[in-house]
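Mapping of the sequence shown onto the numbering used here: residues 14 to 603, in sequence order.
Just so you know, even glycine gets a beta-carbon here, dropped at the ideal spot from N, CA and C.
In this text, all values refer to a predicted model and were calculated from it rather than measured experimentally.
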Amino acid sequence: MKKLILPLLISNALLAQPAFSAEHNRAISYLTSWGLENQAEKEIVRSRVDTLLLSFGRWEANGDITISDGIAELPTDSYWISSAYLSWTQFKFDNPQRKIMVAFGGQTYESIWSYLQTAENREKIAQKLAELLQKNFPVYKRQNGESQYKQVGTIQLDGIDFDFEKGARVTAEENANLLDLAKRLRKKIATLPAKKLLSLTTYHVGADPIECANAAVTQDCSYIESSRSTHHGEVLPLLKKSKDVFDFFNVMAYDAGKRFKYDVAMANYAKAVGSPTKIVLGATINAQWGPEGSFVENYQNNIERAAWQARNNYGGFFVWTLGSNTQSMPFAEQVNYINHMKEAAEEAAGTDDLVKPTTPTALQATVNKGSISLNWKASTDNIAVTGYQIHRNGSNYSTTTSTQWTDPSALAGVEYRYFVKARDAAGNLSAASNEVKAKIESPQEQVKPNAPTGLSQLSATSNSLSIKWQAVSNTRIKHYQVWRNGVKVKTVTATRFQDTGLAAGKTYTYYVTAESDNGLISSASSTLKAKTQDEQVVTPGPAEGDWKVGVNYKVGEVVTYQGKKYRCLQAHPAMAHWNPAAAGSLWQLQ
14 MKKLILPLLI SNALLAQPAF SAEHNRAISY LTSWGLENQA EKEIVRSRVD TLLLSFGRWE
74 ANGDITISDG IAELPTDSYW ISSAYLSWTQ FKFDNPQRKI MVAFGGQTYE SIWSYLQTAE
134 NREKIAQKLA ELLQKNFPVY KRQNGESQYK QVGTIQLDGI DFDFEKGARV TAEENANLLD
194 LAKRLRKKIA TLPAKKLLSL TTYHVGADPI ECANAAVTQD CSYIESSRST HHGEVLPLLK
254 KSKDVFDFFN VMAYDAGKRF KYDVAMANYA KAVGSPTKIV LGATINAQWG PEGSFVENYQ
314 NNIERAAWQA RNNYGGFFVW TLGSNTQSMP FAEQVNYINH MKEAAEEAAG TDDLVKPTTP
374 TALQATVNKG SISLNWKAST DNIAVTGYQI HRNGSNYSTT TSTQWTDPSA LAGVEYRYFV
434 KARDAAGNLS AASNEVKAKI ESPQEQVKPN APTGLSQLSA TSNSLSIKWQ AVSNTRIKHY
494 QVWRNGVKVK TVTATRFQDT GLAAGKTYTY YVTAESDNGL ISSASSTLKA KTQDEQVVTP
554 GPAEGDWKVG VNYKVGEVVT YQGKKYRCLQ AHPAMAHWNP AAAGSLWQLQ
């Protein structure tokens with residue numbers, strides 16, 4: 014597939030096509046199975062497109078379906094899954110309101126239209142397409158840096174785009190066959206729980222008057238080069254009969270040169286369908302064909318065209334393409350480019366609502382397990398807040414509808430600055446929130462704690478041992494882990510620990526480790542062997558009296574010291590620094 018499709022893109026860009034959407038001011042992009050960067054799934058989450066068109070699908074006469082490079086084939090290896098599959102499945106899983114469609118056809122697969130010649134074939138193909146739309150695709154993610162992918166859920170495709178193009182002119186019979194296929198498919202999916210979408214993508218001149226093929230005619234002609242196209246008006250019969258079959262119509266308003274009248278082409282399509290809101294304007298950020306040879310549309314023109322269609326009440330725009338790019342544009346820049354087109358369309362849509370949302374407040378950044386997460390308090394609006402813009406290092410980097418967001422591409426060792434703006438349905442933006450800074454420590458910056466030192470015994474009874482150690486100070490310590498006989502028994506924040514419930518007269522071995530705030534664990538301290546006291550039979554002591562220095566006390570004797578009573582645990586001569594309040598191993602408070 015890569016060898017077949019990419020040369021066509023480079024030579025004449027005839028593969029370029031449109032996309033889907035549901036209401037108005039749609040933003041659609043093709044997603045190619047080839048030329049997709051590794052880990053594109055981490056960038057595509059920033060995309061503001063409403064619908065992705067998987068490129069490209071085809072069917073056989075018996076209805077068997079394949080999609081380019083296995084972009085929709087179920088993975089079999091839990092340790093490696095292609096970015097092509099991960100990108101669209103994770104995009105849909107994390108954004109259930111957005112749509113994923115498969116674009117069938119394109120010039121490379123133009124042979125699929127010849128398989129619609131019989132009603133029997135059309136029925137088989139319609140059935141297979143309906144089954145595809147009901148198939149559950151597993152979604153895989155890696156959790157907390159693990160090397161193995163785990164399934165986190167399933168998603169389904171949202172629709173089919175018919176990329177109805179050929180090198181030769183589309184015939185009246187082919188128009189009728191495709192219309193019959195679409196009606197059959199529409200009937201089969203009408204009762205499904207979730208609405209499925211159908212769209213039609215056709216050449217830029219497909220709705221022009223047929224007379225425009227004559228170079229002497231210019232009225233209502235979008236392409237007026239001296240050598241006219243063979244495709245003028247080729248889908249007019251289909252457009253007029255299918256306005257209630259397809260949810261929207263994509264116009265490939267490119268591959269026609271710098272003088273192409275895209276506004277005339279869009280008007281012709283709107284007239285044929287009966288509504289401009291169902292007509293989507295095509296654009297490309299790749300090289301395209303023109304009478305004077307290949308060229309690349311400039312950024313300003315693409316931004317203006319996205320705004321133009323919104324000002325004129327058309328149904329949105331679609332872009333060729335996310336993924337393969339003739340200009341070696343990185344995937345992240347492709348996402349930024351399309352996001353800017355979406356912003357221009359929203360700003361141009363116009364509204365009577367001039368009230369800005371309130372400013373987001375209490376923005377906080379948290380660094381945890383190699384990622385940066387933001388959270389903030391929600392904004393309010395006179396109508397409704399529809400989302401938030403995430404600005405990173407001064408650029409409008411991403412959007413979200415939640416008040417929480419995790420940066421998909423933050424690098425270790427780089428400090429990032431963030432602030433947030435709220436946005437309403439009219440495109441009004443709030444003032445910026447407070448700015449926060451965050452940085453994921455690089456491996457070189459992550460200081461491993463030193464091993465705890467000074468591990469020693471404090472006291473012992475017949476069923477408990479008390480130990481202590483010196484605090485680790487070379488990095489911030491989250492807590493200490495106490496190990497007894499090689500098994501972790503307790504996590505503590507202090508530098509001492511009393512181990513209870515032990516056996517009498519038994520020796521235990523202890524060591525301690527320290528864990529830092531960033532999760533690094535120290536080496537073990539030196540080991541300490543400590544023994545509980547033997548079980549003692551306490552006999553009644555002599556008459557009680559005040560504790561005195563120089564007296565040889567025996568086990569079981571009771572004394573009074575500073576108004577409190579103590580029982581002797583070990584026979585010993587009384588010394589000033591072994592008074593009952595200070596010598597917990599010799600005296601037990603009663």
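Pair within 7 angstroms by beta-carbon distance, residue i and residue j
| i | j | result |
| --- | --- | --- |
| Ala97 | Ser160 | no |
| Pro462 | Thr488 | yes |
| Leu294 | Gln313 | no |
| Gly604 | Asp221 | Nothing can be reported for residue 604, as the shown portion of the chain is limited to 14 through 603. |
| Pro373 | Ser392 | yes |
| Val248 | Tyr236 | no |
| Gln494 | Lys501 | yes |
| Leu211 | Gly172 | yes |
| Ser538 | Thr513 | no |
| Ala226 | Arg241 | yes |
| Leu87 | Glu54 | no |
| Lys452 | Ala445 | no |
| Glu56 | Ala345 | yes |
8 angstroms Cβ shell around residue i - same chain, five flanking residues per side excluded
| i | result |
| --- | --- |
| Leu192 | Leu251, Lys254, Ser255, Val258 |
| Lys450 | Ala378, Glu428, Tyr429, Arg430, Tyr431 |
| Ile292 | Phe261, Phe262, Val264, Met279, Tyr282, Ala283, Val286, Tyr327, Gly328 |
| Thr399 | Thr414, Arg436, Asp437, Ala438 |
| Lys355 | Ala40, Arg61, Val62, Ala319 |
| Gly558 | Val572, Thr573 |
| Ala296 | Ala266, Tyr267, Glu310, Asn315, Arg318, Ala319, Phe330, Phe331, Val332, Trp333, Met354 |
| Pro553 | Its pLDDT being 45, under 50, Pro553 is placed unreliably by the model, and the measurement read from it follows with that caveat. For Pro553, where only same-chain residues beyond five positions count, the Cβ hits under 8 angstroms are Gly569. |
Extent of the continuous alpha helix (DSSP H) run through residue i
| i | result |
| --- | --- |
| Tyr327 | No alpha helix (DSSP H) contains Tyr327, which DSSP labels as neither H nor E. |
| Arg197 | 185–202 |
| Val368 | Segment: none, Val368 is in no alpha helix (DSSP H) and carries neither H nor E. |
| Asn138 | For the record, residue 138 in the displayed sequence is Ile; it is not Asn. Ile138 -> alpha helix (DSSP H) spans 132–146. |
| Lys55 | 54–57 |
Collapsed DSSP secondary structure at residue i in the structure displayed
| i | result |
| --- | --- |
| Val502 | strand |
| His217 | coil |
| Thr419 | strand |
| Val348 | helix |
| Gln601 | strand |
| Glu224 | helix |
| Phe104 | helix |
| Gly180 | coil |
| Tyr92 | coil |
| Gln164 | strand |
| Ile453 | strand |
| Ala116 | strand |
| Ser341 | coil |
| Trp126 | helix |
| Ala589 | helix |
| Ala596 | coil |
| Asp205 | At residue 205 the sequence reads Leu, which differs from the Asp that was named. Three-state result, Leu205: coil. |
| Ala584 | coil |
| Gly48 | coil |
| Gly336 | coil |
| Leu66 | strand |
Contacts around residue i, its chain only, beta-carbon distance under 6 angstroms, and the 5 residues preceding and following it disregarded
| i | result |
| --- | --- |
| Asn409 | Gln402 |
| Lys141 | Gly76, Ile78 |
| Ala556 | Bear in mind that the predicted position of Ala556 carries a pLDDT of just 45, short of 50, making it too unreliable to give a figure here. |
| Lys154 | Val165 |
| Val551 | In this prediction, Val551 has a pLDDT of 45, which is less than 50 and means its spatial position is unreliable; nothing more can be read from the coordinates. |
The beta strand (DSSP E) enclosing residue i, as first and last residue numbers
| i | result |
| --- | --- |
| Pro109 | Neither: Pro109 is in no beta strand (DSSP E) and is coded neither H nor E. |
| Lys481 | 477–483 |
| Gly407 | No beta strand (DSSP E) holds Gly407; DSSP gives it neither H nor E. |
| Ile78 | 78–80 |
| Leu44 | 39–45 |
| Pro465 | Run containing Pro465: none; DSSP gives neither H nor E here. |
| Cys581 | 577–581 |
| Val433 | 428–437 |
Sequence-distant residues of its chain with Cβ nearer than 7 angstroms to residue i (five each side left out)
| i | result |
| --- | --- |
| Tyr122 | Phe69, Arg71 |
| Arg135 | Leu129, Asn190, Asp193, Leu194, Arg197 |
| Ala587 | Trp560, Lys561, Val562, Gly563, Val564, Tyr566 |
| Ala516 | Thr545 |
Distance cut-off 6 angstroms: residue i Cβ against heavy atoms of the ligand ATP
| i | result |
| --- | --- |
| Tyr493 | This structure simply doesn't include the ligand ATP, nor any ligand for that matter. |
Any chain D beta carbon closer than 7 angstroms to residue i
| i | result |
| --- | --- |
| Leu99 | In the structure shown, chain D does not exist; there is a single protein chain. |
_Quick check on the DSSP output: what are the complete beta strand (DSSP E) runs of length 3 or more inside the segment 488–538, in order along the chain?_
Within the segment 488–538, the complete beta strand (DSSP E) runs of at least 3 residues are 490–497, 500–505, 509–513, 520–529.
*asked:* Quick check for students: name the residue ranges of the beta strand (DSSP E) that lie wholly in the segment 351–402, counting only runs of 3 or more.
replied: Segments of the beta strand (DSSP E) lying fully in the segment 351–402: 374–381, 384–390.
*Only counting runs of 3 or more residues, tell me where the beta strand (DSSP E) segments fall wholly within the segment 237–322, in order along the chain.*
Counting only runs of 3 or more, we get 261–265, 292–297.
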